[in-house]
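Peer 1: Those letters in the sequence shown? Residues 4 to 1281, per this note's numbering, in order.
Cβ atoms here follow ideal geometry from the backbone N, Cα and C, with glycine treated the same way.
Bear in mind that the values here come from a model prediction, so they are computed numbers and not experimental data.
Okay, here's the structure, questions in a sec.
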Amino acid sequence: MHKIKFLTGFFIFLSYFSSKAADPKKQFNVQWNEPSVTVFEDESTLKSLHFKNSIPDENFNPQFFISEALPSGTRSINVTLKNVITEVIADKSYIKHSETISNEFKISATVAYKKKQPYSSILILSIRKNSSGQFERLKSFELDMTTSSGTLNRTASRVYAPNSVLANGEWYKFGVTQDGVCKIDYTFLKNMGIDVDSIDPRQIQIYGNGGGMLAFLNSTPRIDDLRENAIFVQGESDSKFDSTDYILFYGTSQTKWSYNDSLAYYKRQINYYADTTYYFLTYGQATGKRIPTRSSVSGANTFSTSFDDYAYHEIEGVNFLKSGREWFGESMDNLNNSFTFNINSPNIIGTDTVFMRSAFAGRSANSTNNKFSVYINNSLIGDTNYPMVGTTAQDNYASLVGFNRTFFSSNPVFKVTVSMYSSDPSAQGWLNYIELIYRRGLTLSNTTGQLIFRDSKSIGSSNITEFTISNAGGTTKSVWDVSDPANVIEQQFSLSGSNLTFSTPTPSLKTFVLFDNTMFSTPRAVGIIENQNLHALPPTTYLIVTNPLFLNVANELADFHRQRENMSVTVVTTQQVFNEFSSGAQDVSAIRDFSKMFYDRATSASELPKYLLLFGDASYDNKYRVAANSNFVTSYQSAGSINQTQTYISDDFFALLDDSEGEWYNNEIVDMSVGRIPVATVAEANQHLNKIKNYVNGGSPVMNNWRNIVSFVGDDQDYNIHFRQSDTLANRVRTNYPNFNVEKIYFDAYQQDATPGGQRYPEVKKAINERVQRGTLLMTYIGHGGELGWAHERVLENDDINSWTNTNKLAAFLTATCEFTRVDDPDRVSAGEYVFLNPSGGSICMFTTSRLAYSSSNFNLCTRFFNHIFERVNGEYQTTGDIFEKTKSDMYVDPYVRNFLYLGDPAIKLAYPEFSVKTKTINGIPLGMNTDTLKALSKITITGEVQDNSGAKMSSFNGIIYPTVYDKMASYSTLGNDINDPKSPSTPQPFTLQKNVIYSGKSSVVNGDFTYSFYVPKDIAYQYGNGKLSYYAQNGQIDANGCDTLVTIGGVNPNATVDNEGPVIRLYMNDENFVRGGMTNKDPILYAVISDTSGVNTVGTGIGHDMSAELDNKTDRRYILNDYYENDLNSYQKGKLNYQFKSLSSGLHTLTLKAWDVYNNSSEAATEFIVSESATLALDHVLNYPNPFTTHTTFMFEHNRPFVPMDVQIQVFTVSGKLIKTLSDKITRTGFRSDDIEWDGLDDFGDKIGKGVYVYKLRIRTNDGDYADKFEKLVILR
């Protein structure tokens, strides 16, 4: 993560996103912070100027941002600054690329659109150079803005067909990979499953939009649905498709060459998403479109015997950073510094120039003496130097260079040699591409049978060009005009000897193909496709685009929302979208265009689509070049791939739906929320669906007071920036949303340990894991991070994540760090993905980073996030998708937050308690009327009620309330563990936290009313101050929360009763069936029943008065357990303690538990247990009691698989081995001991067994086939 470290200073409000109408004149006062230092992951630094909410430009200089709603119809704005006041910048080293700073404040003022409404988008670079050559920064100014209105021109291509052509009939899909005339014959059709003998060939139709990637820009015209192509069908006149009949059509590749007439320039564009162009064949629906014939015209005034040809060499083999759309080809170094390849150029015109365009990538960290050279046919065509690159995270990975040259050649083969030279022995180089554009004679090759040609020299508004092609004699020839591949025209010609001639008007560039009817390419069959009709879909709220593999799961999710919220949900597969919106080929813009169809058709705000879910994992490789690719639903990758700070994946692209959007300049605002469920298997998809259902449906297992907890985790170092940012957000939540209880886990507040592997925070790791296990509504992390976890100190790693079992307490995660959740690397499952995919817990959703990020931008986004996450709209909490959309809309001009992804279902809400809880009385006195002070050792009785959101008591509410009484806010300090770090120190910093629990209970709610009582512990802080009564209530279907923060706590009760007895402790492992010395697995649960007439102390402020456990009599294995004790229902005198150990070693362990009552009387209990590795099913302590017996005995045993279903079989044998009785049972135990299989001493026939000694075998077997058995003896007395 790129950290912004604020050395000193303070913030003011500067930039904002507002929905208010624009004021043409506004005064702004700018107060700057002290300069900041950005620290990159590799510990390189970047100094820069900064103010609150400033938006960094491409050089990381600060920009002032304003965005306001504009009057409907506004199409442009003009902005000027007046009454400008500046101040000189003392240290210009903080200005990046100062040579680019002009003498005026650079202003960008455009109109942006959000949900079809215009907004101003104003960016002001807040630095300029004055006439004296000094740099100044903006201090205050007046903004003068004028607007212009007009009619927005709707793009003609955005007229949508009411139905897709694929809705009816039988359709067969096939693909081509190169330009040319393709042949489909009888055998091809039959192999695709067509009953060829029964079809009328006159009704054969081929549809397809040809090759080429869809434009990113929405306003660029595009073909809606599929268009019919003109084709030739041999032998169709007899209404039968005979074995010698065939179809000819012109297919195009995905690589497109375009010609700019004014620049006389050919440009090539590859398709980033597909290499195959797809077409669709149908029959029996209508008469097919056929190729018409055009006669040759007379009056030629231009003559062509040669044409423009082009060729290229490009291999997409390497993506340096596994990010972005740039891929590179052959690699070179100083040992292998050149390679050669050939490009055929038959009939090249040696007197015309050849134009070469080349591009390379070079990486040298130690030298500027670096060069690429290109030789063709052993002659040097040109070379170019490439500069040295740095090795920090902010530097380009490689230098991109290239050059253009012209030369002459008459050789029919271009022998191309690319070489690299560098004085740096570690230098590397890569070829991006080489393009050659040259003139060829119009001569038909005998080996290819087809000649595709175009001639830029023929272009002229009144030109009629005569084309003459030589070597065209012999077999029958055809000429097609394929300038519009869907509307091919057969051009008539004359043949004189072997010269073929035709004339036609050429006002623009025309493309033709001459072929000899003997050599054709054959398409690749895909097969029949099901009918589909996405164009006929009605308005919908929620769009789910899923990989076909996950269709059933996606439909189940859709049904869940339809039934639960009566939401309109549409589920489509990626292939269905591609078929109707990109002619069957994968294309990122097709998914966006599909969403835009609903957006454009909406006639009101209620018809606009709100949510888009991409159901499937992503990959930086959208074309399956890497092994085990994870490209299930294609992703938008940035244009660049060489700078870690500027390359990204972003799903926001799919929500850029206004006509002016798509190229993704800084004035584009998301118009809907986009989520992704990054699963790669059906099992993972089902697991997450189950998590959604369990989380949303609620019920007693998932409804508990963890829903009141909001957790903040802050990294250390870096001038305390992560701590300060975390604490700022935490205090906002505490102040503005007091119903929620804030937990702060700040690294620097814990002891740091030095280990051989580096600095570690074991207690931070423990605190994070325990908080996830115990549940939190939201966990926010700010700090360093990466694909393997959080922070240099490894406070969260994959092993931690995969050990989580918080199925009923799923957290939402906000991670303001670097690439913690890189979802698009097929070679690695990132730590964030493990959090999301954990089948036994982890997260319900994640607002998370997928690439390197800047601390300042991350914090700005977090600030906006917390503006919305607890915000109610029309009395209702918002969905996670709404929150993320609003957050992204607030930050739309900052490109450094594009890599923030939302993982999860955007239509769910967090598990907010919906209703309210209010305190009514304390010790019989109404709250607020001289309420009793909560004094140490005093008995307190509190009453209250559950209310709806209007403040009325919910008399029908019957359930359970969980009151938690907190002592006063306490002051703490970080430790300054890294105060001596020379690059990014941290110093001790104060913070406050209200964490000491006086009482935590569980009481009944009857008809909306509740009462609870408790004794205030002796260990409170005696000074008087405001405590907090925190509530969570649930009835299994709905829940509520609330708090009171004006209750006074302090002092001591002078009339306290006398209590000198400590608590009564009954100590077990897992459950009450445990016996001392029993067996457990490596993750046993400490289970204790604790009672005391005055109540159990869990405050934790008295020295040594914590509820604690020691393992194996080692003080360094002491566990503080205050937070794991819970009182029984309607009792402050008795409760249960549950704490799960992790990864204990095999063998005998001793355990001692110490507890205190509220009078500070203590008691201890001890036990011992044997850990048996759970990898192997173990069986121990097999016995029956009583033994000997007469008419009744009970079999008992221990095993090491609690919570696992098992089959139990007991076989009783005589001493000679005869089986006389079999007992069977199915068990699932919470503990390790079973003692409820009984036997009456009768055999399998119901007869009494004679007295004597018998042998029995007890076997346990799990569902996965593991088993264990043991033999014992029993004695029967008669």
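Taking 8 angstroms as the threshold, find out whether the region 431-445 comes into contact with the region 347-361 through three or more Cβ pairs.
Peer 2: A contact exists between the region 431-445 and the region 347-361.
Peer 1: Runs of 3 residues minimum, wholly inside the region 820-876: which ones carry the beta strand (DSSP E) assignment?
Peer 2: Within the region 820-876, the complete beta strand (DSSP E) runs of at least 3 residues are 846-852.
Peer 1: Determine the closest residue to F656 out of R225, D718, W667, with distance taken between C-alpha atoms.
Peer 2: When each option's Cα is compared against that of F656, the closest is W667.
Peer 1: Just to check my reading of the structure: V1 and Y764 have Cβ atoms closer than 8 angstroms, yes? What is that Cβ distance to the nearest angstrom?
Peer 2: Outside the displayed range of the chain (4 to 1281) lies residue 1, so it cannot be described from this structure.
Peer 1: So, helix, strand or coil for S892, using DSSP?
Peer 2: Helix, per DSSP.
Peer 1: If I207 sits next to F252, beta carbons under 8 angstroms apart, how far is it from one beta carbon to the other, in whole angstroms?
Peer 2: No, I207 and F252 are not in contact; Cβ-Cβ is about 10 angstroms, not under 8 angstroms.
Peer 1: So what does DSSP say about S201, is it helix, strand or coil?
Peer 2: Three-state result, S201: helix.
Peer 1: How should K969 be labelled, buried or exposed, when 16 other C-beta atoms within 10 angstroms of its C-beta is the threshold for buried?
Peer 2: The sequence given here has Tyr at residue 969, not Lys. Buried is the call here.
Peer 1: Reducing DSSP to helix, strand and coil, say where H564 ends up.
Peer 2: If DSSP states are grouped into helix, strand and coil, H564 belongs with the helices.
Peer 1: Excluding sequence positions up to five away, which residues of its chain have a Cβ less than 8 angstroms from the Cβ of Y268?
Peer 2: Closer than 8 angstroms at the Cβ level, and outside the excluded window around Y268, lie Y262.
Peer 1: Tell me the start and end of each unbroken beta strand (DSSP E) in the region 996-1065 that is at least 3 residues and wholly inside, in chain order.
Peer 2: Fully enclosed beta strand (DSSP E) runs of 3 or longer: 1000-1003, 1006-1009, 1012-1018, 1031-1037, 1042-1047, 1051-1055.
Peer 1: Taking A489 and G213 to be in contact with their CB atoms under 8 angstroms, please state how far apart those CB atoms are, rounded to whole angstroms.
Peer 2: Their Cβ separation, rounded to whole angstroms, is 7 angstroms, which keeps A489 and G213 in contact under 8 angstroms.
Peer 1: If distances are taken between C-alpha atoms only, which option among S299, Y313, V1008, T296 comes closest to R271?
Peer 2: Comparing Cα positions, the closest option is Y313.
Peer 1: Which residues in the same chain as F496 place their Cβ atom closer than 7 angstroms to its Cβ, once the five residues preceding and following it in sequence are excluded?
Peer 2: Result list for F496: S299, V482, L503, T504, F505, in chain order.
Peer 1: Roughly how many whole angstroms lie between the Cα atoms of K889 and A368?
Peer 2: Looking at the two C-alpha atoms, the distance is approximately 42 angstroms.
Peer 1: Please work out which residues of its chain come closer than 7 angstroms, Cβ to Cβ, to K921, disregarding the five sequence neighbours upstream and downstream, and give them in chain order.
Peer 2: Contacts found: G947, E948, Q950, G1045.
Peer 1: Assign M849 to one of two classes, buried (16 or more other C-beta atoms within 10 Å of its C-beta) or exposed (fewer than that).
Peer 2: The residue is buried, with at least 16 neighbouring Cβ atoms inside 10 Å.
Peer 1: Count the other CB atoms, across all protein chains shown, that sit within 10 Å of the CB of D802; report buried if there are 16 or more and exposed otherwise.
Peer 2: Counting Cβ neighbours within 10 Å, D802 comes out exposed, since fewer than 16 surround it.
Peer 1: Can you tell me where the alpha helix (DSSP H) with M600 in it begins and where it stops?
Peer 2: It spans 591-604 - the alpha helix (DSSP H) in which M600 sits, taken as one unbroken run.
Peer 1: Please report the straight-line C-alpha distance between V876 and N171, rounded to a whole angstrom.
Peer 2: V876 and N171: Cα-Cα distance of roughly 44 angstroms.
Peer 1: Use the C-beta contact count for L1180: other C-beta atoms within 10 angstroms, 16 or more gives buried, fewer gives exposed.
Peer 2: Under this definition L1180 is a buried residue.
Peer 1: List the endpoints of the continuous beta strand (DSSP E) containing T3.
Peer 2: Outside the displayed span of the chain (4 to 1281) sits residue 3, for which this structure offers no information.
Peer 1: Output the distance between the C-alpha atoms of F559 and L813, rounded to the nearest integer angstrom.
Peer 2: The question names Phe, but residue 559 is Glu in the sequence shown. Distance between the alpha carbons of E559 and L813: 21 angstroms.
Peer 1: If you check the beta carbons only, do Y614 and M675 fall under 8 angstroms apart?
Peer 2: Result yes, Cβ atoms of Y614 and M675 sit closer than 8 angstroms.
Peer 1: Pick from Y1270, N1190, G1150: whose alpha carbon is nearest that of V1207?
Peer 2: With distances taken between Cα atoms, V1207 lies closest to Y1270.
Peer 1: Are the CB atoms of Y784 and E766 nearer to each other than 8 angstroms?
Peer 2: For Y784 and E766, no; Cβs fall outside 8 angstroms.
Peer 1: Give me the residue from G979, S412, S860 with the minimum Cα distance to Y722.
Peer 2: Nearest of G979, S412, S860 to Y722, Cα basis: G979.
Peer 1: Straight-line CA distance for I963 to T1225?
Peer 2: Roughly 45 angstroms between the two C-alpha positions.
Peer 1: Decide if the region 378-396 is in contact with the region 303-321; the criterion is three or more beta carbon pairs, one per stretch, under 8 angstroms apart.
Peer 2: These segments do not touch.
Peer 1: What do you get for D830, buried or exposed, if any count of 16 or more other CB atoms within 10 angstroms of its CB means buried?
Peer 2: Looking at its Cβ environment, which holds fewer than 16 other Cβ atoms inside 10 Å, D830 is exposed.
Peer 1: Given this structure, state the Cα-to-Cα distance separating L1154 from A1091, to the nearest angstrom.
Peer 2: So the two alpha carbons sit approximately 12 angstroms from each other.
Peer 1: Closer than 8 angstroms is the cut-off here; do at least three beta carbon pairs connect the region 122-132 with the region 43-61?
Peer 2: Yes, since at least three Cβ pairs between the region 122-132 and the region 43-61 fall closer than 8 angstroms, the two stretches touch.
Peer 1: Do L229 and T150 have their C-beta atoms within less than 8 angstroms of each other?
Peer 2: It is not a contact, given that the beta carbons lie outside the stated cut-off.
Peer 1: Roughly how many angstroms separate the alpha carbons of F739 and Y116, rounded to a whole number?
Peer 2: Residue identity check: residue 739 is Asn in the sequence provided, not Phe. Their Cα atoms are separated by approximately 31 angstroms.
Peer 1: Rounded to the nearest angstrom, what separates G391 and D336 at their Cα positions?
Peer 2: Note on identity: in this sequence residue 391 is Met, with Gly being the wrong assignment. Using only the alpha carbons, I get a separation of about 15 angstroms.
Peer 1: By Cβ distance, which residues of its chain are closer than 8 angstroms to S598, with the 5 residues on each side in sequence left out?
Peer 2: Closer than 8 angstroms at Cβ, skipping near neighbours: L546, P612, L615, F657, A658, L660, M675.
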